[in-house]
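Using numbering that gives the first Met the number 0, the first residue of the sequence shown is number 0, and each one after it goes up by one.
By construction, the Cβ of each residue, glycine as well, lies at the ideal position given by its N, Cα and C atoms.
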Amino acid sequence: MTFAASVLTLYPKMFPGPLGHALAGRALERGTWSLEVCNIRDAATDRHRTVDDTPAGGGVGMVLKPDVLARAIDTISPADDPRPRLLMSPRGEPLTQKLVREFAQAPGLVIVCGRFEGVDERVIEGRGLREISIGDFILSGGEPAAICLLDAVVRLLPGVMGKTESGEHESFETGLLEHPHYTRPREWEGRRIPDVLLSGNHAAIDDWRRNRAEELTRQRRPDLWAEYVKRRTVEGE
Ligand code: SAH
């Protein structure tokens with residue numbers, strides 16, 4: 000079954016962009032997923048095709064108009080559309096691998112890319128938009144965020160990754176950051192591949208990788224480490 004993605008944007012030419020290349024691009028060509036891009040401006044009705052207006056209550060910037068955005072949403076996502084409707088938004092739920100896995104189970108996604116100061120709150124409520132953030136920083140628009148989200152989701156669709164297990168050891172899937180990688184040559188600029196990796200001893204290699212993953216997580220991501228330790232304690236009981 001094709002995973003049906005619909006994106007609403009004021010910059011349709013930004014798509015498929017990176018999603019037209021490599022893994023996601025090949026999956027798009029094969030029909031594993033489809034991408035419909037809708038220009039929000041096409042839903043404007045006035046002569047100037049206005050999509051934004053000044054914020055009620057004053058202040059800087061402009062706000063995407065609710066009537067225009069809702070009309071755009073309604074043309075591609077009827078009320079009984081089973082796909083989750085998302086709004087890329089810095090104040091949304093943080094995007095995690097857990098959420099990505101959840102979205103990959105859906106029949107598809109409808110993704111609204113904000114611009115300007117954001118969108119009118121009433122359309123978020125009225126069309127049940129789930130706000131998703133890709134991190135604690137501000138982009139100039141939702142498009143790069145939508146591309147990140149779709150890239151992460153598409154690689155999990157059945158048949159997209161070469162080996163099915165190749166997703167399982169990635170950072171976050173195990174709750175740990177990933178161990179370091181090496182490839183030939185055995186020595187490069189005086190740096191050697193750790194001996195254990197060349198030993199052929201798979202139990203020792205697994206141990207080394209887990210230890211390195213734990214060490215990295217402890218150093219770089221105390222938040223993930225605390226979660227990991229907590230879970231390990233519970234599982235060990
Ligand atoms: N005034 C807003 C920022 C608007 S940025 C605020 O202070 O919260 C313009 C648009 O870019 C947003 O509507 C959203 O769609 C997108 N965007 C910006 N940063 C984002 C992030 N971290 N994650 C997801 N979308 C983001």
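- Within the region 77-143, the complete alpha helix (DSSP H) segments at least 4 residues long are 96-103 and 120-125, listed from N- to C-terminus.
- Here DSSP, grouped into helix, strand and coil, assigns residue 200 to coil.
- Collapsing the DSSP output to three states places residue 226 in a helix.
- In this structure the region 218-225 lies against the region 167-186, because at least three pairs of beta carbons, one per stretch, are closer than 8 angstroms.
- Remark: the C-beta of residue 116 is in contact range of the ligand SAH, defined as less than 6 angstroms to any heavy atom.
- DSSP lists no bridge partner for residue 170.
- Within the chosen limit of 6 angstroms, the ligand SAH reaches the beta carbon of residue 138 through at least one heavy atom.
- Distances taken from the Cβ of residue 89 to the heavy atoms of the ligand SAH include one shorter than 6 angstroms.
- Judged by beta-carbon spacing, residue 178 lies within the 7 angstroms limit of residue 212, meaning their Cβ atoms are closer than that value.
- Annotated three-state conformation of residue 188 is coil, per DSSP.
- Straight across, the Cα-Cα distance linking residue 81 with residue 21 is about 29 angstroms.
- In the three-state reduction of the DSSP assignment, residue 232 falls in the helix class.
- Proximity of the region 32-44 to the region 88-104 falls short of the contact definition, fewer than three beta-carbon pairs being nearer than 8 angstroms.
- Looking from the CA of residue 62, the closest CA among 69, 114 and 87 belongs to 114.
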